[in-house]
Structure formats: structure tokens, C-alpha cells
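**Q** Before we start, here is the structure in question, set down as C-alpha cells.
2 protein chains.
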Amino acid sequence: MLSLDGRGPLYLQAYAAVRRAILAGHFAAGERLPSTRALAVELGVSRTVTLKAFEQLGAEGYLIGEKGSGTYVTEALPDGPILAARPRFNQSAIAVEPRFSRGGLRIIAQGPLVEHPRARNLPYDFEYGFAPPEPTSRKAWRRLLARAAKSGDLDYAPPQGSDRLRAALVQHLERNRGIRCHADQIVVLNGSQQGLDLCARILLDPGDHVLIEDPHYQGARAVLLAAGARLVPVPVDEDGLDVLAARRIRSRPRLAYVTPSHQFPTGAVMPLARRMALLDWAADRGAFIIEDDYDGEFRYQGRPLEAVQALDGRGRTIYVGTLSKVMFPALRLGYVVLPESLVPAFRAGKWLADRHSASLEQEALALFMESGLYEQHLRRMRRRHESRRATLVEAIDHHLGARVTVMGTDAGIHLVLWLHGVQPTELGRVIARAEEHGVGLYSIAPYFLNPPTCAGLLLGYGALDESEIQEGIARWAEVFVG
Amino acid sequence: MLSLDGRGPLYLQAYAAVRRAILAGHFAAGERLPSTRALAVELGVSRTVTLKAFEQLGAEGYLIGEKGSGTYVTEALPDGPILAARPRFNQSAIAVEPRFSRGGLRIIAQGPLVEHPRARNLPYDFEYGFAPPEPTSRKAWRRLLARAAKSGDLDYAPPQGSDRLRAALVQHLERNRGIRCHADQIVVLNGSQQGLDLCARILLDPGDHVLIEDPHYQGARAVLLAAGARLVPVPVDEDGLDVLAARRIRSRPRLAYVTPSHQFPTGAVMPLARRMALLDWAADRGAFIIEDDYDGEFRYQGRPLEAVQALDGRGRTIYVGTLSKVMFPALRLGYVVLPESLVPAFRAGKWLADRHSASLEQEALALFMESGLYEQHLRRMRRRHESRRATLVEAIDHHLGARVTVMGTDAGIHLVLWLHGVQPTELGRVIARAEEHGVGLYSIAPYFLNPPTCAGLLLGYGALDESEIQEGIARWAEVFVG
């Protein structure tokens with residue numbers, strides 16, 4: 000009945016064999032076991048081996064030895080073959096329908112977002128996303144990360160993040176985003192997503208209204224819905240969120256989620272006057288503004304407009320920054336700049352969520368910023384993106400001309416293309432035909448709560464070089480314009 | 000009125016000076032500005048400089064030029080000195096009392112936990128916590144992290160974590176913890192704290208009952224309270240959680256939080272029979288067990304007892320693992336092994352919380368595990384801790400003898416000392432006197448919901464070497480025993 004599985008030392012094999020037999024109910028609770036001698040014969044091992052196996056099983060509570068009368072399976076085991084049906088992956092033995100919390104059910108409802116998109120493997124893929132850093136920057140990063148790993152503190156760290164990194168961020172934010180803040184207002188997080196999540200947890204009760212630009216980043220929508228928020232979509236025009244439309248809304252939103260530096264996904268830049276009006280609106284309503292500055296560093300015309308946070312004298316703005324665009328997403332570092340009234344809550348929330356962000360990568364990033372490498376890298380990325388942007392705009396103009404309207408070219412690493420004479424319902428076919436010719440296109444529709452009446456595409460250009468951009472647009476134009 | 004601040008290019012200084020004046024209300028909305036020529040004279044710069052500054056201010060929407068009639072401050076600016084009182088750290092200008100959510104208020108209530116303890120800087124500090132890895136391991140880690148930084152994927156990754164790391168964890172868990180699971184049941188997280196937080200979010204509604212060992216890890220208590228749970232403390236004896244006492248509780252807890260491999264902080268190891276009874280209890284009540292296996296790898300007598308998860312044929316156990324003890328806390332990596340019924344919820348929850356954990360450190364850890372370095376490191380740590388433990392137990396026995404009872408020495412990197420003839424109210428004085436002699440001691444009381452009737456200390460020995468341990472106990476005994 001017993002057999003060894005041939006893995007590891009003999010006594011552990013014997014131990015495992017007997018244990019399996021007990022758990023499968025072949026030896027019942029209270030049953031007397033064969034002697035170590037008999038078992039040794041059955042298993043073809045020495046008695047030393049079975050003695051040692053019994054000793055271990057005794058120590059773990061499976062067996063009880065009674066002097067002179069042999070060894071018994073402990074009575075405390077439940078009767079019957081408790082684990083007889085134990086499959087390879089034991090947890091699926093009996094399907095349990097868990098009782099989820101209301102919050103858990105809302106989280107599950109956001110599940111589809113989580114599915115990592117399949118790689119399309121197209122030669123000309125205009126997917127919005129990641130622009131890999133140049134080899135020089137990557138090499139420098141590697142060096143600094145190794146340095147941090149050599150000498151960095153390996154113990155738990157404070158929830159707000161590395162002092163050194165926060166000091167470097169203060170400098171960076173003043174220089175690049177016009178933000179004047181104290182390091183104490185900063186909490187380092189795992190990317191901007193964690194910032195949005197903490198905002199929702201700390202400031203939203205289920206049923207609360209949240210003003211959201213329409214269209215918008217789906218990760219923000221999902222996290223707000225998971226918090227039980229009622230979304231109040233406000234349309235976006237060429238100047239970003241329509242603040243007048245927001246003013247007409249009679250409910251009292253607790254939060255407004257905005258992307259003023261480069262509206263995601265339309266690319267609109269919110270002018271100063273509207274930023275001021277937005278701040279007034281927030282002060283009037285007692286709402287907080289979440290300013291998601293996801294690509295505020297990539298602006299090609301003039302100096303970047305300073306952040307809404309920099310204009311706010313009334314402590315209504317939560318600035319959410321990320322390193323995913325300038326550095327890389329796998330880093331999982333971002334941060335919030337908070338009104339002082341929110342600092343204790345965010346520190347506590349971060350501690351409870353995961354105590355603090357990974358220290359060595361924070362340390363390496365601080366070194367990267369202090370040494371000026373970050374600024375160098377940023378300039379290099381900006382130049383690269385700007386050249387790609389110019390190429391893309393030119394190629395669109397040349398090949399597609401009057402068939403399309405281009406939006407959102409001032410900043411970022413994507414733009415929006417509105418297709419004339421194409422119904423939203425026909426867009427799927429346009430995308431499929433482009434795919435047949437090796438060109439990856441993406442509808443803007445999924446970013447809307449209220450579907451747009453025109454057919455629009457979101458074209459990312461961060462991951463394609465100039466010749467790929469030209470060739471991609473040329474190929475697509477051939478089938479689209481005909 | 001205007002003045003340059005001497006930082007950066009002249010035109011930017013001029014730009015900033017005018018902008019400040021506008022925002023402070025010195026130039027009102029609609030007001031005509033002095034000519035670029037007049038301003039150049041006032042600021043002592045060339046007219047090219049002021050022209051360039053005006054151009055920038057125009058691009059940003061502060062100024063409007065009207066042909067032939069000069070330049071005006073935009074009408075869209077709110078009237079009056081909107082930012083006149085803008086201080087150095089602008090957000091504190093007007094103290095706003097935010098309206099927090101109910102969840103936010105509960106998070107804030109956990110705030111005191113967040114305060115990073117002051118470093119006591121004592122030569123013999125028995126603080127529970129971090130045991131730094133040996134230089135060999137640290138060097139190997141650095142090398143693998145650099146390798147990951149060289150070739151690892153820098154883009155967003157799936158929420159469940161690296162396939163490679165999860166495969167390595169499956170092997171590790173089977174070998175060291177008796178757990179047989181599929182990689183799909185694992186979600187990689189930022190330490191065990193995030194595992195507890197996700198359990199609370201996904202499974203608890205405010206008001207739900209949660210069974211918790213008393214005493215227990217405060218981070219678990221805090222995260223459960225932040226979720227609005229009603230804690231049901233169950234006493235711990237020398238076999239860990241008293242399952243019979245749990246059975247007598249008539250409420251229906253949704254969760255039970257337990258540390259069976261080395262109860263935190265008493266150090267009790269839960270025997271097999273109780274593990275079985277606990278699983279039965281969970282199945283009866285429809286509750287999930289959170290098995291926090293925070294130092295399950297450090298066991299000194301016999302093979303480690305297999306995890307509760309490994310005995311569970313009914314999918315009621317959420318196994319929470321951490322790399323903070325075997326590797327180091329700053330890594331911020333941990334994981335959960337889930338019943339299949341909970342996998343989609345945890346993946347979605349992780350995505351919403353922060354999309355995924357840092358990729359390069361996951362990659363380095365996978366390399367560390369695959370190469371056998373992890374096992375080597377673990378053996379080294381175990382040997383080191385075991386020797387320290389033996390030294391500590393011996394020193395206590397020698398110096399304190401019958402004055403104390405020692406508990407929890409089978410595993411982990413701490414033990415518990417119950418002091419005879421000392422009232423809990425007198426413990427503060429004992430600790431203060433020890434501190435005067437350079438010895439750091441810590442009361443066990445903060446880990447209890449229901450304060451203990453005896454005076455107990457939690458002695459961590461991970462960070463002290465043998466001679467420090469001996470000397471520390473000897474010194475303390477001198478003042479304690481007298």
C-alpha cells in the first residue's frame with residue numbers, strides 16, 4: 000500500500016508515504032500502525048529509516064507512541080478519509096462560493112480591466128504606452144541601483160518614503176512643474192495608481208459623487224467605481240475639462256479627477272483661466288481636485304504650464320505624479336503632493352496598504368535625480384518624442400490630410416485622430432483592415448463613459464521610431480484613403 | 000515693485016517677477032501692463048529680456064496683447080489679490096478641514112502605528128525585527144538585481160506578478176512549507192501587509208466580525224480596524240490559538256487571522272490536531288483563514304510543520320508569505336497563495352491598488368531562488384539564528400533562571416519572557432532601568448487587545464551577535480535580579 004516517491008532522503012520519503020496514508024484515511028484516527036520493522040520491510044528500507052520517519056511524524060502530532068503497545072494515529076485527527084480526494088492543487092477540491100464584501104464585489108466588477116492585453120506583434124503598432132529609455136540611461140540606472148543595493152538601508156522605512164528622494168522631488172517639481180512644496184507634503188507611492196486608490200479610500204464613501212473628465216484614463220474610472228463612487232462625467236473640449244459645464248452640475252462632488260497638462264486621452268491643455276476657474280469651483284464646493292500629471296514633463300511648445308497645484312492657495316489640490324512615463328512603468332514609483340490637511344491620512348493609508356515603497360529603487364532614483372542624470376534623460380526623451388511627434392504629424396498631414404482632424408499634439412507621447420466620414424460603428428472595420436496591413440490602431444471610445452459621436456483613434460508614438468511612424472501611416476493611408 | 004530673484008536665465012526671472020505680481024494682485028485682471036521698454040528699465044535688463052518674458056506669459060494665458068494698445072492682464076483671472084497671502088508652502092495658506100470618508104477616518108485612527116519608532120541607539124537592543132543578511136548574500140543579491148536591471152522587461156506587467164517568480168515560489172513552498180499549489184493561485188504583493196489589506200478589502204464589510212489571536216501583530220489589527228471589522232479576540236496558549244474557545248464564539252466571523260507556525264508574538268507552534276480543528280471550524284462557519292506565515296522558514300527543531308494551507312482540502316485558507324524576514328523588509332515583496340475562488344478578486348484588487356509589484360526586484364528574486372542561492376542563504380540564516388537563540392536561551396537560564404519563564408523558542412527570531420513577581424504596571428520601570436544600562440527591552444502588552452495579567456517581554460535576537468546577547472542579558476540581570 001505504501002510507496003516511496005523517490006524524492007529526497009529515504010527517511011523523508013518514508014515519512015511522506017505514511018503521512019499521505021494517514022491523511023487519505025488508509026490509517027484511521029486511533030488506529031495502530033504496523034511496526035517500524037514491518038514497514039521497513041514493506042518499503043524496502045532499513046529500520047533506522049522508518050524509526051526516523053516515525054519520530055518526525057510523532058513530533059508533528061500525527062502519531063502517538065504508547066510504551067509497549069506500539070504506535071497509533073492520533074485521535075485528534077478527524078474521522079474518515081479527510082483528504083482522500085485531495086487533488087494535485089488541493090484548494091480546488093471543493094468549490095466554495097466565497098461571500099465577498101460589497102467592496103470586494105465592486106473590485107471584481109473591474110476585473111476585465113486587469114486582463115493584460117495580448118501582444119499584437121504588429122510591425123507598426125500605435126499602441127499608447129511605454130517608451131523605452133535609451134541604453135545610456137538604462138546603463139546609468141543599473142549602476143545606481145547596484146550602488147543602492149550595496150549600501151542602502153534594508154530595514155523597514157517610513158511610509159512617506161525616502162527623505163532623500165522627497166528632497167530631490169521638491170527640486171524637480173519646482174524646476175519642471177512650478178510647484179513649491181515642502182518635502183513633508185510628499186508621500187512616495189507605487190505609481191500614480193496607488194495615489195488614486197488612496198484618494199478614493201480616504202475621501203470617498205460609497206455613493207459619493209465624483210466629477211470625472213469624459214473621456215478619461217480607465218484605471219482612474221475603475222478605482223473610483225471600486226470605491227463605490229457615482230461618476231459625474233463632464234465633457235472635454237479643446238481646452239480640457241469644461242469647467243462651466245462642471246459649474247452647472249448641482250450635486251456636490253467630493254472629488255474632481257482631471258489631467259490639465261495633457262488631457263488623457265484627448266491631449267487638450269487646460270489654459271490658465273480655466274485652471275483658476277477650476278480651483279474656484281473646488282473651493283466653492285469643498286471638493287478636492289486630483290491633478291493627475293501623468294506626462295506633464297513632456298511638453299513641446301514653450302515652457303510647461305505650471306501645475307494646478309502651483310496655482311492653488313487654498314489647499315484643494317492633490318497632485319499625483321508618476322515615474323512611469325519619464326523612467327519606466329516596471330519601476331512602480333510615483334508620488335502625491337498633498338495639502339497639509341491630508342498628510343497624516345495618506346501616511347497612515349500608505350502604511351496600512353503596504354508599509355512603504357521599495358527602498359532601493361527609491362534610493363537609486365534619488366541618486367539619479369541628484370546627479371542631474373534625470374534632467375539629462377528627460378531632455379533626451381523630450382527631444383526624441385518631439386521628433387517622433389513632428390514626424391507623425393507630418394505623415395498624417397501628408398497621407399491623410401483633410402480626411403482627419405488631429406488633436407493633442409502639444410504634449411505627451413500620443414495624439415488623437417478624428418476620422419471624417421467614418422461612423423463610430425464602422426471604426427472596428429477600419430482597425431481590422433489596418434491590422435491586416437501590419438498597422439495597430441486603437442479606438443478612443445473605451446475611454447468614454449458617454450460614447451463619442453465621432454470615430455476617433457488614439458495614436459501612441461513613444462515606442463516607434465521615425466521611419467516606422469512614416470511607413471505605418473503610409474501603409475494605413477493606402478487602405479484607408481484608398 | 001518688481002524684482003528679480005537671481006535664479007536662472009534673466010528672461011525667466013523677469014517672467015517670474017511679472018507673474019508673481021499678477022498672482023498677488025499687483026496687476027489686476029484687465030489692467031494694462033507697463034511697456035516692455037519701461038519694465039526693462041525698472042528691472043535693469045535689456046528689452047529682449049522683457050519681450051521674451053511677455054511672450055511666455057502670453058503663451059501661458061496671463062497676458063493678452065492688443066495690437067497698438069499694449070498688453071493687458073487677462074480678464075479671466077479672478078478679481079483681487081488671489082494669491083497675495085501665498086506663503087512659501089502654498090497649500091497651508093488656508094487651513095481646510097477636509098471631509099474624510101468613514102474609511103478615511105478609520106485609517107487616520109490607525110495613525111499612531113505609522114510613527115516610525117525613534118532609534119534608541121542602545122548597545123544591547125533586543126528590539127524585534129530585522130536580521131541583516133550576510134555580506135555574501137547581499138553581494139549575490141546586488142549582482143542579480145543588476146542583471147535584472149540590464150535585461151528585465153521595463154513595461155507594465157500583469158497584476159499577479161512575474162511568471163518566473165511564481166514558478167520559483169511554487170517550488171519553494173512545496174519544499175519548505177509542504178504546500179502544493181499551482182502558480183495561478185499565487186499573487187505577488189508588496190510584503191504581507193498588502194496581503195492583509197487585500198483580504199480586508201475583498202472579504203470584509205464594515206461591522207463584520209473577525210477572529211483574531213490575542214496577542215497579535217499590530218499591523219494586522221490596524222488593517223482590520225481600518226476596514227471597519229469588529230475584532231473578536233481569542234486567547235492564545237502554548238499551542239497557539241485556542242480553537243475550542245473559538246468554537247464557543249457564537250458570532251459568525253468572516254475571517255480568522257492566525258500565525259500557526261510561530262504565533263506572533265508568543266512564539267507558540269500550533270500542533271497538527273489544532274490545525275485540523277481550525278480548518279473544520281472555518282468550513283463549518285464559512286469563514287476564511289488568513290495564515291500569516293511570517294517566519295515559517297525559521298524552525299529549529301525537526302522539519303518545519305507544514306502550513307495549514309497544505310492541510311486544507313476545502314479551499315478556506317489564504318496563505319500570506321513574506322520575503323521581509325528571510326530576505327529584507329526594504330525589498331517589499333510578499334505573496335498570497337489563494338483558494339481558486341479568490342484568485343480573480345485578488346488580481347483585480349492588486350491591479351486597482353498599484354497595478355503590480357516592482358518588476359526588477361521580482362526578476363532578481365526569481366533568479367535568486369532558481370539558482371539555489373535562496374536555499375543557501377536560508378540555511379545560513381537559520382544556522383545563525385539558531386546559534387543566537389541557543390546563546391540567548393542559555394544566557395537567560397544562567398542569569399535569570401527561576402525569575403522568568405521562556406516561551407516561543409522553537410522558531411523565529413524572537414522569544415517571549417514572562418517575568419515572575421513583576422506586575423504589568425511595574426514593567427515600565429524594569430524597561431527604563433535596563434535602558435539606563437544600555438539594554439533595550441520591549442513589553443509584550445501592546446500586542447494585546449485584552450491586556451495580559453503578567454508582565455512579559457518580547458526579545459528579538461536577529462540583529463545581535465552571540466557576545467552581544469550574552470553581555471546584554473548579563474547586564475540586565477545585574478540590575479533586574481540584583
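Chain order of the listed sequences is A and B. Residue numbers for the first sequence, in numbering that gives the first Met the number 0: 0 to 481. Residue numbers for the second sequence, in numbering that gives the first Met the number 0: 0 to 481. Cβ coordinates follow ideal geometry from the N, Cα and C atoms, glycine included.
1) Please confirm whether L9(B) has its beta-carbon closer than 9 Å to some beta-carbon of chain A.
2) Going by DSSP, name the residue or residues bridged to V342(B).
3) Let me see if you follow: with CB-CB separation under 9 Å, is P158(A) close to chain B or not?
4) Assign Q422(B) to buried or exposed, taking buried as 16 or more other Cβ atoms, counted over all protein chains shown, within 10 Å of its Cβ.
5) Only counting the same chain, and skipping five residues up and downstream in sequence, which positions put a Cβ closer than 8 Å to that of A245(B)?
6) Roughly how far, in whole angstroms, is the beta-carbon of E465(A) from the beta-carbon of R387(A), given that I think they are within contact range, below 8 Å?
7) I'd like to know if R87(A) contacts chain B, where contact means its C-beta is closer than 9 Å to some C-beta of that chain.
8) Step through the CB atoms of chain A and report whether any lies within less than 9 Å of the CB of V40(B).
9) Closer than 9 Å, Cβ to Cβ, to anything on chain B: give me those residues from the region 231-255 of chain A, in chain order.
10) Quick one: complete alpha helix (DSSP H) runs, 4+ long, within the region 305-387 of chain A?
11) Under 9 Å between C-beta atoms, does I93(A) make it to chain B?
12) How far does the beta strand (DSSP E) with R229(A) in it reach, from first residue to last?
13) By DSSP, does D162(A) sit in helix, in strand, or in coil?
14) May I have the straight-line CA-CA distance separating Y334(B) from D241(A), to the nearest angstrom?
15) Between the C-alpha atoms of I63(A) and L310(B), what's the straight-line distance to the nearest angstrom?
16) By how many angstroms is the C-alpha of P214(A) removed from the C-alpha of L399(A)?
17) Among Y216(B), E96(B), D283(B), which residue has its Cα nearest to the Cα of G314(A)?
18) Pick out whichever of A28(B), V336(B), A13(B) has its Cα sitting closest to the Cα of V48(B).
19) Which residues in the same chain as G110(A) place their Cβ atom closer than 8 Å to its Cβ, once the five residues preceding and following it in sequence are excluded?
20) Quick one: residues in its chain with C-beta nearer than 7 Å to the C-beta of P270(A), no 5 flanking neighbours on either side, listed in chain order?
21) Considering only their Cβ atoms, is the gap separating G227(A) from P252(A) smaller than 9 Å?
22) Can you tell me whether N189(A) is buried or exposed? The criterion is at least 16 other CB atoms within 10 Å of its CB, across all chains shown.
23) Is it the case that the Cβ atoms of E74(B) and A28(B) are separated by a distance below 9 Å?
24) Give the interface partners of L153(A) over in chain B, defined as CB-CB distance under 9 Å, in chain order.
25) Which chain B residues sit within Cβ distance under 9 Å of S149(A)?
26) Against chain B, does L82(A) count as a neighbour if the rule is that its beta carbon must be under 9 Å from one of theirs?
27) Measure the CB-CB distance between A267(A) and D292(A) and report whether it falls below 9 Å.
28) Measuring only between beta-carbons, confirm whether P338(A) sits less than 9 Å from chain B.
29) Between G437(B) and G471(B), is the Cβ-Cβ spacing less than 9 Å?
30) Does I63(A) come out as helix, strand or coil in the three-state DSSP assignment?
31) If you measure from the beta carbon of E296(B) to each beta carbon in chain A, is any gap under 9 Å?
32) Count Cβ pairs between the region 372-387 of chain B and the region 342-358 of chain A that sit closer than 8 Å; are there 3 or more?
33) May I ask you to list, following chain order, the residues of the region 357-372 of chain B that have a beta carbon less than 8 Å from some beta carbon of chain A?
34) First and last residue of the alpha helix (DSSP H) that includes F287(A)?
35) Taking the alpha carbon of E434(A) as the reference point, which residue from F287(A), A156(A), E126(A), V392(A) has its own alpha carbon closest?
36) Is G285(A) close to chain B, meaning its C-beta is less than 9 Å from at least one C-beta of that chain?
**A** From the atom records:
1) no
2) Answer is none; V342(B) lacks a bridge partner.
3) For P158(A), the closest Cβ of chain B is nearer than 9 Å.
4) exposed
5) Residues L210, V233, A255, L277, W280 of the same chain have their beta carbon placed closer than 8 Å to that of A245(B), with the five preceding and five following residues left out of the count.
6) 6 Å
7) Any answer about R87(A) is weak, because its pLDDT of 36 lies below 50 and its placement is not dependable; what the coordinates show is given next. Yes, R87(A) lies at the interface with chain B (some Cβ there is under 9 Å from its Cβ).
8) no
9) When C-beta distances to chain B are compared with 9 Å, the residues of the region 231-255 of chain A below that value are R253, in chain order.
10) 307-310, 342-353, 358-369
11) Bear in mind that the predicted position of I93(A) carries a pLDDT of just 49, short of 50, making it unreliable; the figure below should be weighed with that in mind. Yes, contact with chain B.
12) 229-236
13) helix
14) In this structure, the CA atom of Y334(B) is about 43 Å from the CA atom of D241(A).
15) 19 Å
16) 24 Å
17) E96(B)
18) A13(B)
19) none
20) Once the five neighbours on either side are set aside, the close Cβ partners of P270(A) are D238.
21) The criterion of a C-beta distance shorter than 9 Å is not satisfied by P252(A) and G227(A).
22) buried
23) yes
24) The answer, in chain order, is F129, P131, P132, R137, M326, F327, P328, A329, L330.
25) In the sequence under discussion, the amino acid at residue 149(A) is Lys, which differs from the Ser named in the question. Neighbours of K149(A) on chain B, chain order: R137, K138, R141.
26) Per-residue confidence for L82(A) stands at a pLDDT of 40, beneath the threshold of 50, marking its modelled position as unreliable; the derived number appears in the next sentence. L82(A) counts as touching chain B.
27) no
28) yes
29) yes
30) When DSSP states are grouped into helix, strand and coil, I63(A) belongs to the strand group.
31) no
32) no
33) A357, S358, L359, E360
34) Annotation for F287(A): no alpha helix (DSSP H) segment contains it, though the beta strand (DSSP E) segment containing it runs 287-291.
35) Nearest C-alpha to E434(A): E126(A).
36) yes
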